[in-house]
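Asks: Taking the working numbering, the leading residue of the sequence shown gets -2, the next gets one more, and so forth.
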Amino acid sequence: MDKRDLRNKQKELLSSFDRPAYEHKSFLIANELYKTEEWATAQTIALTVSNFPEVDTWQIIRKAWEEDKRVLVPKCSPKDRRLDFYQLASFADLEKVYFGLLEPNPDKCTFVEKDVIDLVIVPGLAFMSSGYRLGFGGGYYDRFLENYQGRTLSLAFHEQVMEEVPIEHFDIPVGKIITEGAVLNCE
-2 MDKRDLRNKQ
8 KELLSSFDRP
18 AYEHKSFLIA
28 NELYKTEEWA
38 TAQTIALTVS
48 NFPEVDTWQI
58 IRKAWEEDKR
68 VLVPKCSPKD
78 RRLDFYQLAS
88 FADLEKVYFG
98 LLEPNPDKCT
108 FVEKDVIDLV
118 IVPGLAFMSS
128 GYRLGFGGGY
138 YDRFLENYQG
148 RTLSLAFHEQ
158 VMEEVPIEHF
168 DIPVGKIITE
178 GAVLNCE
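The following block contains the structure:
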């Protein structure tokens, strides 16, 4: 199956989750995240602001704020397919952009350099236990992670973890995948 077909299949699968199951699974995944060394030691965490049916990151952002962690969210630059991360202090500092994505408003948020990020929570649609992932297309995260020195992990429903996903030479695996029932160490 090629990347496009697998993306469509995964989007359809995730969209079939009913809301209570989605919320329960997201809650379990978040609780597994909070138990990890990566979470405990990170002071600056980069992650996306989720849209249903992605694993809910809103609760994770709130928990990070409660623990006085610095929360960074990405702003995409479609011209050069680049991600820039900005510190988010309030959900009110987000703006809706293309495809209904929520991104930081650069007039209200402060840009943060890559080298101060302790942990990047990398989104995706499908994952292998080796840490390779199929993203949403565009290669934004693979470009960002190319010379990133911190820790990486992904949050996934167990239905998103599969035997094989299409891999290319520029794909960069994450160090850990957290599902509602397991923590997969990929390194």
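Here a beta-carbon is modelled for each residue, glycine too, at the ideal position from N, C-alpha and C. None of these values were measured; they are calculated from a predicted model.
1. Between the alpha carbons of Val162 and Ser12, how many angstroms are there, rounded?
2. Buried or exposed, going by whether 16 or more other CB atoms sit within 10 Å of the CB of Val117?
3. Which whole-angstrom value is the C-beta distance of Glu51 and Pro101, which I expect to be below 8 angstroms?
4. Spatial neighbours of Val113 within its chain, please: CB distance less than 8 angstroms, with the 5 preceding and 5 following residues excluded, ordered by chain position.
5. Which same chain residues, not among the five before or five after Asn48, have their C-beta less than 8 angstroms away from its C-beta?
6. Assuming Ile175 contacts Val158 under a Cβ cut-off of 8 angstroms, what Cβ separation, rounded to an integer in Å, is found between them?
7. How many whole angstroms separate the CB atoms of Thr149 and Gly172, which I take to be in contact at a CB cut-off of 8 angstroms?
8. In its own chain, which residues sit with a C-beta less than 7 angstroms from the C-beta of Ser127, not counting the 5 before and 5 after it?
9. Since Gln7 is in the alpha helix (DSSP H), which residue starts that stretch and which ends it?
10. Does the contact criterion of 3 or more C-beta pairs under 8 angstroms hold for the segment 77 to 93 versus the segment 138 to 153?
11. Can you tell me the Cβ-Cβ gap for Val70 and Val46, rounded? I've got them flagged as a contact below 8 angstroms.
12. Taking the alpha-carbon positions, what's the Lys66 to His155 distance?
13. Using CA atoms only, rank isn't needed, just tell me which of Glu35, Cys73, Ser87 is closest to Gln56.
14. Can you tell which of Cys73, Thr54, Leu122 has the C-alpha that lies nearest to the C-alpha of Tyr95?
15. Could you tell me the alpha carbon to alpha carbon distance between Ser23 and Glu177, rounded to whole angstroms?
Replies: Inspection of the coordinates gives the following:
1. 20 angstroms
2. buried
3. Glu51 to Pro101, Cβ: 17 angstroms. No contact.
4. Thr41
5. Gly97, Leu98, Leu99
6. The Cβ separation is near 10 angstroms, so there is no contact.
7. 5 angstroms
8. Pro170, Cys183
9. 0 to 12
10. yes
11. 6 angstroms
12. 27 angstroms
13. Ser87
14. Cys73
15. 7 angstroms
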